[in-house]
Amino acid sequence: MSEAKKKPSPIEGLPAHVRERLDAFTQQLRQSLEDDLVGVLVHGSVARGEYNPAQSDVDVVVVVKQARFKELEAIGNAVQLARYSARIEAMILAEDEIGGASDAFPLLYDDIRRFHVVVEGRDAFADVVVHDTHRRLRIEQELREASIRLRRAVTDAVGAREAVGGAVLRKIKQVRTPLHALLSLKGVECEPNLKSVIAKAADVYGVEVKSLWAAREEPEKAHEALSELLRKATKDVDTMATTIDGAK
Numbered sequence: 004m005s006e007a008k009k010k011p012s013p014i015e016g017l018p019a020h021v022r023e024r025l026d027a028f029t030q031q032l033r034q035s036l037e038d039d040l041v042g043v044l045v046h047g048s049v050a051r052g053e054y055n056p057a058q059s060d061v062d063v064v065v066v067v068k069q070a071r072f073k074e075l076e077a078i079g080n081a082v083q084l085a086r087y088s089a090r091i092e093a094m095i096l097a098e099d100e101i102g103g104a105s106d107a108f109p110l111l112y113d114d115i116r117r118f119h120v121v122v123e124g125r126d127a128f129a130d131v132v133v134h135d136t137h138r139r140l141r142i143e144q145e146l147r148e149a150s151i152r153l154r155r156a157v158t159d160a161v162g163a164r165e166a167v168g169g170a171v172l173r174k175i176k177q178v179r180t181p182l183h184a185l186l187s188l189k190g191v192e193c194e195p196n197l198k199s200v201i202a203k204a205a206d207v208y209g210v211e212v213k214s215l216w217a218a219r220e221e222p223e224k225a226h227e228a229l230s231e232l233l234r235k236a237t238k239d240v241d242t243m244a245t246t247i248d249g250a251k
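So the sequence shown is numbered by this note's numbering: it starts at 4 and just counts up by one.
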């Protein structure tokens, strides 16, 4: 029996110069931190297969044994060079703070846990547990905040509808995470990329979202479509409080 074909790493899809800078960054971390370096993980759009060379950052988590001044100073040049040469954005975490922070950052930590690539050391997120109570509450918070900011986009535009269209397009990207988390909470399987999440959420909640992808041409329709999707999703996650955390 032939060996199953190995799925290529998302890292392989990065432009050559970005891969080179990521490798160099990892080597510099290893040299500067030595045994204090626990691991380096790539997450975000790269890990989800949505990396866009013209728009995307390379999101990286650098896990260290201790995030003391001397360790941070030692890697300062490497962090700055990676940022300005290849848009590699590093979040530095101490190993012992990861487990206790999942309640404060449930969606971020859950997204990293589910979609990441270990490029150095070990997987510090392998044992992260995100409880549904924390996940549900954060989803509701982010959806409600998105609705509020979406309304403000119209009042701030003072009639400049092209600005509303731009705001809708930005907001679509921002709500991908809470909507994907909500679908997961409901047991609905969905690919994590933006268009799949929006399409699946629209199907689940019965909202026509075709206008979202033409928000600059149809800002009013796009705004109404996203507002309706957020309204229905927020109502749904709010009703989950009774069964998930007994809050209502």
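Glycine included, each C-beta is placed from N, C-alpha and C at the ideal position.
Source: prediction; values computed, not measured.
Query, Result
"Leu36, DSSP secondary structure in three states", "helix"
"Exposure label - Leu75; buried when at least 16 CB within 10 Å", "exposed"
"Val178, enclosing alpha helix (DSSP H) - first and last residue", "164 to 188"
"Exposed unless 16 or more other CB atoms sit within 10 angstroms - verdict on Phe128", "buried"
"CA-to-CA distance, Ser230 to Val240, given in whole angstroms", "15 Å"
"Contact test: Pro18 Cβ vs the ligand ATP heavy atom, cutoff 6 Å", "For the structure depicted, the ligand ATP is absent and the ligand set is empty, with no information on it obtainable."
"Alpha-carbon spacing of Ala27 relative to Gln34, whole angstroms", "10 Å"
"Under the three-state DSSP convention, the category Gly103 falls into", "helix"
"For His46, three-class secondary structure by DSSP", "strand"
"Environment of Thr246 [buried if 16+ CB atoms lie within 10 Å]", "exposed"
"Inter-residue CB distance, Val171 and Leu215 (contact presumed, cutoff 8 Å)", "7 Å"
"Ile78 (DSSP reduced to helix, strand or coil)", "coil"
"Boundaries (first-last residue) of the alpha helix (DSSP H) holding Leu229", "222 to 242"
"Cβ neighbour criterion (16 or more within 10 Å) applied to Ala217", "exposed"
"7 Å Cβ cutoff met for His298 and His183", "In the structure displayed, the chain extends from 4 to 251; residue 298 sits before or after that span and is not available."
"Inside the region 108 to 169 only - beta strand (DSSP E) runs reaching at least 3 residues", "120 to 124"
"Beta-carbon contacts of Arg138 that lie in its chain and below 8 Å, excluding the five residues immediately before and after", "Pro109, Leu110, Asp113, Ala184, Leu188"
"Assigned exposure category for Asp154 - 16 Cβ within 10 Å defines buried", "Inspection of the sequence shows that residue 154 is occupied by Arg rather than by Asp. So Arg154 ends up on the exposed side."
"For Leu96, three-class secondary structure by DSSP", "strand"
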